[in-house]
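Here is the structure we will look at, set down as structure tokens.
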Amino acid sequence: MRKAALRYLARSSLAVLAAAAIALTPAIGNAAEKAAASGLRCSGVNMLPELAATSPEVYSEIRSTADSTANARAVLWKIERQGVPHSYLLGTIHMTDPRVTAFSPLLQAALAETETVALEVADVSADATNAAIAKAARLVLFTDGRTLDDLLSDEEYDKVKATLTGVGLPGEMAAMFRPWVVSMILSVSACERQKVSDGLLVLDMKLANAARERGIAVVGLETIESQLAAMAAVPDDQQIAMLRASLRFADRANDTMETLLQLYLKRDMGSAWPFHLALAKQAGIGRQSFSEFKKRIISDRNETMRDAALPLLREGRALIAVGALHLIGDQGLIALLREAGYTVTAVE
Numbered sequence: 009m010r011k012a013a014l015r016y017l018a019r020s021s022l023a024v025l026a027a028a029a030i031a032l033t034p035a036i037g038n039a040a041e042k043a044a045a046s047g048l049r050c051s052g053v054n055m056l057p058e059l060a061a062t063s064p065e066v067y068s069e070i071r072s073t074a075d076s077t078a079n080a081r082a083v084l085w086k087i088e089r090q091g092v093p094h095s096y097l098l099g100t101i102h103m104t105d106p107r108v109t110a111f112s113p114l115l116q117a118a119l120a121e122t123e124t125v126a127l128e129v130a131d132v133s134a135d136a137t138n139a140a141i142a143k144a145a146r147l148v149l150f151t152d153g154r155t156l157d158d159l160l161s162d163e164e165y166d167k168v169k170a171t172l173t174g175v176g177l178p179g180e181m182a183a184m185f186r187p188w189v190v191s192m193i194l195s196v197s198a199c200e201r202q203k204v205s206d207g208l209l210v211l212d213m214k215l216a217n218a219a220r221e222r223g224i225a226v227v228g229l230e231t232i233e234s235q236l237a238a239m240a241a242v243p244d245d246q247q248i249a250m251l252r253a254s255l256r257f258a259d260r261a262n263d264t265m266e267t268l269l270q271l272y273l274k275r276d277m278g279s280a281w282p283f284h285l286a287l288a289k290q291a292g293i294g295r296q297s298f299s300e301f302k303k304r305i306i307s308d309r310n311e312t313m314r315d316a317a318l319p320l321l322r323e324g325r326a327l328i329a330v331g332a333l334h335l336i337g338d339q340g341l342i343a344l345l346r347e348a349g350y351t352v353t354a355v356e
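See the structure below:
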């Protein structure tokens with residue numbers, strides 16, 4: 009059973025840390041047609057207008073936080089330093105939607121000037137993911153005798169089993185997974201899973217393919233193993249709290265993804281984290297339950313990415329592409345690169 013669970017994770021790449029799972033199977037048919045044929049609802053609605061109408065004080069808090077978040081109004085930035093060819097920084101969103109995977113003219117121009125593309129992880133092939141998960145089984149599965157059903161209520165655990173069954177995993181395997189893994193699965197809508205399983209690429213992977221087709225080197229700032237370790241390092245009690253928040257809105261995965269997509273398109277990424285916290289609060293989970301997640305998954309990794317990016321920036325003509333939440337705020341990559349002596353200005 010344990011090996012079957014590992015094979016499932018490797019096949020669907022749910023362990024690759026991102027706001028969405030990156031599936032690796034080759035394209036087989038039209039994803040939209042398949043989703044429609046299976047009865048999946050593939051459209052979502054932006055939840056922020058709903059929050060503004062039903063909880064104006066919550067919406068006001070989201071807006072206030074967003075407006076005070078530094079460097080949150082652009083996703084493409086130019087990095088400059090005297091005596092070095094300039095580079096670029098792109099904040100991505102890990103989705104297949106053509107509204108974000110279509111390269112803008114400015115991004116195409118940046119890519120044309122680029123000699124090295126640096127992603128969070130360079131190789132998320134099936135073999136690489138399989139090997140990483142096999143080596144890091146203790147990070148994704150309980151190995152100490154505990155089981156997930158002991159940590160949740162019967163109602164919560166039944167919902168977890170139903171969700172895993174819906175993604176093709178026998179429900180009885182649910183007890184083996186650490187809470188963060190289930191939260192990652194819940195964060196991706198069934199429709200998005202269908203799309204990626206049919207070969208549609210998220211923005212990061214589309215950028216990597218475009219770079220390789222042009223003979224541009226593609227490197228990683230992190231490894232799959234380091235991403236797994238970061239997620240597993242979140243304390244178990246906070247992992248459980250985050251899972252409970254995810255379960256509360258599991259039936260609205262399309263809507264939460266559409267909301268984040270709209271924020272990205274509007275260059276309003278400062279609203280993404282407070283929106284997430286607002287949903288958790290509605291589920292009875294306070295912001296303190298996300299303190300270590302924010303530290304381990306965002307702040308600490310920002311420093312790791314900065315350190316890995318600096319040698320590339322010293323050479324110049326690099327395009328650094330990482331999740332947009334890693335760019336923003338006082339501890340984001342933009343602020344860290346400025347501290348390192350670079351001029352970073354918004355392009356788009």
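Quick note: to get the numbering used here, add 8 to the position in the sequence shown (first position is 1).
Glycine included, C-beta positions come from ideal geometry on N, C-alpha and C.
Given the structure is predicted, the values throughout are model-derived calculations rather than measurements.
Give me, in chain order, the residues of the same chain whose beta-carbon lies closer than 8 Å to that of residue 155; leave out the 5 immediate sequence neighbours on both sides.
For residue 155, where only same-chain residues beyond five positions count, the Cβ hits under 8 Å are 183 and 184.
Where does the unbroken beta strand (DSSP E) through residue 102 begin, and where does it stop?
Counting along the chain, residue 102 falls outside any beta strand (DSSP E), and DSSP gives it neither H nor E.
Going by beta carbon distance, what residues of the same chain come within less than 8 Å of residue 187, once the five residues before and after it are set aside?
Closer than 8 Å at the Cβ level, and outside the excluded window around residue 187, lie 156, 159, 244, 247, 248, 250 and 251.
I'd like to know whether the C-beta atoms of residue 191 and residue 254 end up nearer to each other than 8 Å.
Yes, the Cβ-Cβ distance between residue 191 and residue 254 is below 8 Å.
Closest to residue 287 by CA distance: which of 53, 264, 296 and 177 is it?
The residue with the shortest Cα to Cα distance from residue 287 is 264.
Give the range of the beta strand (DSSP E) segment to which residue 124 is assigned.
Unbroken beta strand (DSSP E) run through residue 124: 124–127.
What are the complete alpha helix (DSSP H) segments, minimum 4 residues, inside the segment 154–189?
List check, alpha helix (DSSP H) in window: 162–174.
Going by Cα to Cα distance, which pick from 76, 105, 313 and 308 is closest to residue 202?
It is 105.
Three Cβ pairs or more, each shorter than 8 Å: is that satisfied between the segment 344–351 and the segment 276–291?
Touching, no.
Tell me whether residue 67 sits in a helix, a strand or coil according to DSSP, three-state version.
It is helical.
If you measure between the beta carbons of residue 97 and residue 356, is that distance less than 8 Å?
No, these two residues do not count as a Cβ contact at 8 Å.
So what's residue 288 in DSSP terms, helix, strand or just coil?
Helix, per DSSP.
According to DSSP, what are the bridge partners of residue 87?
DSSP lists 95 and 352 as partners of residue 87.
List the residues that DSSP assigns as beta-bridge partners of residue 226.
Residue 226 pairs with 125.
Output the boundary residues of the alpha helix (DSSP H) element that contains residue 196.
Premise fails: residue 196 is in no alpha helix (DSSP H) and is neither H nor E.
What distance in whole Å lies between the Cβ atoms of residue 129 and residue 215, which are believed to be in contact at a cut-off of 8 Å?
Not really, about 13 Å apart at Cβ, beyond 8 Å.
State the Cα-Cα distance for the pair residue 107 and residue 75, rounded to the nearest angstrom.
Their Cα atoms are separated by approximately 24 Å.
Excluding sequence positions up to five away, which residues of its chain have a Cβ less than 6 Å from the Cβ of residue 66?
Here the set comprises 59 and 286.
Quick check: the Cα distance between residue 120 and residue 87, rounded to an integer number of angstroms?
If you take the alpha carbons of residue 120 and residue 87, they lie about 15 Å apart.
Which residues mark the beginning and the end of the beta strand (DSSP E) in which residue 327 is found?
Run containing residue 327: 326–331, per the beta strand (DSSP E) assignment.
For residue 189, which option in 241, 224 and 229 has the closest C-alpha, if you only look at C-alpha atoms?
Of 241, 224 and 229, the residue nearest in Cα terms is 241.
Among 267, 293, 275 and 195, which one has its Cα closest to the Cα of residue 51?
If we check each option's Cα against that of residue 51, 267 comes out closest.
Of all the options 122, 318 and 325, which has the alpha carbon lying nearest to the alpha carbon of residue 342?
Among 122, 318 and 325, the Cα nearest to that of residue 342 belongs to 318.
Could you tell me the distance, in whole angstroms, from the CA atom of residue 142 to the CA atom of residue 113?
Cα to Cα, the separation comes out at about 41 Å.
Taking its Cβ as the centre, do 16 or more other Cβ atoms sit within 10 Å of residue 217, making it buried, or is it exposed?
Per the 10 Å Cβ criterion, exposed.
Since residue 226 contacts residue 335 with CB under 8 Å, what's their CB separation in whole angstroms?
With a Cβ gap of about 20 Å, residue 226 and residue 335 do not count as contacting.
Excluding the five sequence neighbours on either side, which residues of its own chain have a C-beta within less than 7 Å of the C-beta of residue 146, listed in chain order?
Within the same chain, residue 146 has no close Cβ partners at all.
Quick check: the Cα distance between residue 95 and residue 333, rounded to an integer number of angstroms?
Looking at the two C-alpha atoms, the distance is approximately 19 Å.
Is the Cβ-Cβ distance between residue 137 and residue 209 less than 8 Å?
No, these two residues do not count as a Cβ contact at 8 Å.
Looking at residue 304 and residue 238, is the spacing between their C-beta atoms short of 8 Å?
Yes, the Cβ-Cβ distance between residue 238 and residue 304 is below 8 Å.
Taking residue 293 as the reference, which of 152, 257 and 320 has the closest Cα?
That would be 257, whose Cα lies nearest to the Cα of residue 293.
If I measure Cβ to Cβ from residue 170 and keep anything under 8 Å in the same chain, skipping five residues before and after, which residues do I get?
179.
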